[in-house]
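>
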Amino acid sequence: MMRSREYGVAMLGGRSWESWIAEYSESHQHPLNRLTHTFGIPIIILSLPVLVATLVWHRLLWVGVGLFCFGWLLQFVGHAIEGKPPEFLKDWRFLLVGSRWWAAKMRGKA
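Residue 1 is where the sequence shown starts when you use the numbering used here, and the numbers rise one by one after that.
Right under this line is the structure:
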């Protein structure tokens with residue numbers, strides 16, 4: 001049975017998080033694209049627990065859907081400005097890298 005660390009390394013294709021973040025950063029160079037991602041990523045992340053909360057509080061559904069859609073709209077506007085497609089279209093794992101890139105950016109590392 002694969003241990004969790006081994007699974008994590010296998011899931012990342014034998015690459016480090018830093019390597020994934022560096023590649024993600026390369027396709028996010030335009031200042032407006034970086035700005036839209038700076039706001040879009042945390043909005044999407046915020047939408048996820050809101051959507052889960054709709055299981056109990058059904059009135060939150062449109063709040064969660066609105067946040068989710070607005071966050072993705074910001075992402076796609078940024079990519080239109082950058083002139084490059086989103087990285088997750090070439091590898092789904094970039095869906096996970098975005099939040100790590102955002103955290104690194106907030107720490108001044110990306």
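Cβ coordinates follow ideal geometry from the N, Cα and C atoms, glycine included.
If you draw a straight line from the C-alpha of TYR24 to the C-alpha of VAL97, how long is it?
Counting from one through the sequence shown, the residue named residue 24 turns up at place 24. Counting from one through the sequence shown, the residue named residue 97 turns up at place 97. Computed Cα separation, rounded: 7 Å.
> In chain order, what residues of the same chain lie with their CB nearer than 8 Å to the CB of THR54, ignoring the 5 residues before and after it?
The count along the sequence shown starts at 1 and reaches residue 54 at position 54. So the qualifying residues of the chain are LEU60, LEU61 and GLY64.
> CA-CA distance, ASP91 and SER19?
Taking the sequence shown and counting its residues from 1, one reaches residue 91 at position 91. Taking the sequence shown and counting its residues from 1, one reaches residue 19 at position 19. Computed Cα separation, rounded: 14 Å.
> Determine the direct distance from the alpha carbon of LEU67 to that of SER116, and round the result to whole angstroms.
Within the shown structure, residues of the chain are numbered from 1 to 110, placing residue 116 beyond reach of any answer.
> Buried or exposed, going by whether 16 or more other CB atoms sit within 10 Å of the CB of GLY14?
One-based indexing of the sequence shown puts residue 14 at position 14. The residue is exposed, with fewer than 16 neighbouring Cβ atoms inside 10 Å.
> ASN33: which of LEU73, VAL52 and LEU51 sits nearest, CA to CA?
Residue numbering aside, residue 33 sits at position 33 when the sequence shown is read from its first letter. Of LEU73, VAL52 and LEU51, the residue nearest in Cα terms is LEU73.
> According to DSSP, simplified to helix, strand and coil, what is GLN75?
Residue mapping note: residue 75 aligns to position 75 of the sequence shown, counting from 1. Here GLN75 sits in helix by DSSP.
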